[in-house]
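Residue numbers (our numbering): 4 to 234.
Ideal Cβ placement from N, Cα and C applies to all residues, glycine included.
Only a predicted model underlies this, so the values are computations on that prediction, with no experimental measurement involved.
Written below as structure tokens is the structure these notes are about.
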């Protein structure tokens, strides 16, 4: 019998992220250090340390280099329904996912993104494609299927990567990077300032308008974002 398991790295939070977890409660340096030592508050998630006796059985497989990861992304995107029918958009989707991974690795660390994020993108793409067809009808896209593919792709992309960012500065930098890579294909929109955020706002409102909300509910940015990511 052979037992196999995966070891997760201990990824630390940035200091600002640690303090942001306690909004409204000012903690001094001693208190933050105590929480770090006793509760593991400095870690993004709880990781149990590996016993020293097991270290000799651990093998570090490293990580995929950029070229190989791109090929994996391209293969995995074949599970996205109809996406391969638009070759230009398909290759651009491969590119913007790869660029997203580069962005997060530069911002956080090498283990912050993986092919699991690509798999999640594919699931979200298929879900939103089906949802858009159910809400708006298949006939609307019979002569313009590229619009459906692009909407589904961009929504999935923003859910997988954009909403993971906590800082407004990081979000802005990510959007700027995506718009820069998209402008070659979406040339008609590239002249519109912040067009990806406009696109996101429109898609969020289309979904929330189909919901029954309590009277007086303000459809502000926080509500739209929270409902959207819960889908």
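Given a cut-off of 7 angstroms, decide if residue j and residue i are closer than it, judged by their beta-carbon atoms.
{"i": "residue 161", "j": "residue 203", "result": "yes"}
{"i": "residue 112", "j": "residue 163", "result": "no"}
{"i": "residue 73", "j": "residue 101", "result": "yes"}
{"i": "residue 231", "j": "residue 177", "result": "no"}
{"i": "residue 127", "j": "residue 159", "result": "yes"}
{"i": "residue 146", "j": "residue 84", "result": "no"}
{"i": "residue 7", "j": "residue 75", "result": "no"}
{"i": "residue 207", "j": "residue 226", "result": "no"}
Can you give me the C-alpha to C-alpha distance between residue i and residue j, rounded to a whole angstrom?
{"i": "residue 169", "j": "residue 5", "result": "41 angstroms"}
{"i": "residue 35", "j": "residue 148", "result": "Confidence is the limiting factor: at residue 35 the pLDDT is only 48, short of 50, which leaves the residue's position unreliable and the question unanswerable from this model."}
{"i": "residue 209", "j": "residue 134", "result": "11 angstroms"}
{"i": "residue 215", "j": "residue 81", "result": "36 angstroms"}
{"i": "residue 79", "j": "residue 99", "result": "14 angstroms"}
{"i": "residue 175", "j": "residue 197", "result": "9 angstroms"}
{"i": "residue 180", "j": "residue 143", "result": "31 angstroms"}
{"i": "residue 300", "j": "residue 56", "result": "Because the chain is modelled from 4 through 234, residue 300 falls outside the range shown and cannot be assessed."}
{"i": "residue 211", "j": "residue 136", "result": "17 angstroms"}
{"i": "residue 2", "j": "residue 219", "result": "Limits of the chain in this structure are 4 at one end and 234 at the other, which puts residue 2 out of reach."}
{"i": "residue 26", "j": "residue 90", "result": "Residue placement at residue 26 is poorly supported in this model, since its pLDDT is 43, which falls under 50; the coordinates still yield a value, given next. So the alpha carbons of these two residues sit roughly 47 angstroms apart."}
{"i": "residue 233", "j": "residue 69", "result": "31 angstroms"}
{"i": "residue 222", "j": "residue 154", "result": "22 angstroms"}
{"i": "residue 71", "j": "residue 53", "result": "30 angstroms"}
{"i": "residue 110", "j": "residue 201", "result": "25 angstroms"}
{"i": "residue 60", "j": "residue 49", "result": "22 angstroms"}
{"i": "residue 114", "j": "residue 157", "result": "23 angstroms"}
Looking at the secondary structure, which residues open and close the alpha helix (DSSP H) in which residue i lies?
{"i": "residue 176", "result": "171-185"}
{"i": "residue 144", "result": "That residue, residue 144, is in no alpha helix (DSSP H); it is neither H nor E in DSSP."}
{"i": "residue 6", "result": "It is not in any alpha helix (DSSP H) - residue 6 carries neither H nor E in the DSSP assignment."}
{"i": "residue 1", "result": "What the structure shows of the chain is the stretch from 4 to 234, and residue 1 is not part of that stretch, so it cannot be assessed."}
{"i": "residue 75", "result": "69-79"}
Helix, strand or coil, according to DSSP, for residue i in the structure here?
{"i": "residue 215", "result": "coil"}
{"i": "residue 114", "result": "coil"}
{"i": "residue 206", "result": "helix"}
{"i": "residue 164", "result": "coil"}
{"i": "residue 120", "result": "helix"}
{"i": "residue 125", "result": "helix"}
{"i": "residue 189", "result": "coil"}
{"i": "residue 150", "result": "helix"}
{"i": "residue 232", "result": "helix"}
{"i": "residue 97", "result": "helix"}
State the CB to CB distance for the pair residue i and residue j, rounded to an integer number of angstroms; the pair is presumed to be in contact (CB under 8 angstroms).
{"i": "residue 188", "j": "residue 92", "result": "7 angstroms"}
{"i": "residue 199", "j": "residue 152", "result": "The Cβ separation is near 16 angstroms, so there is no contact."}
{"i": "residue 97", "j": "residue 123", "result": "That belief does not hold up - the Cβ atoms of residue 97 and residue 123 are roughly 16 angstroms apart, past 8 angstroms."}
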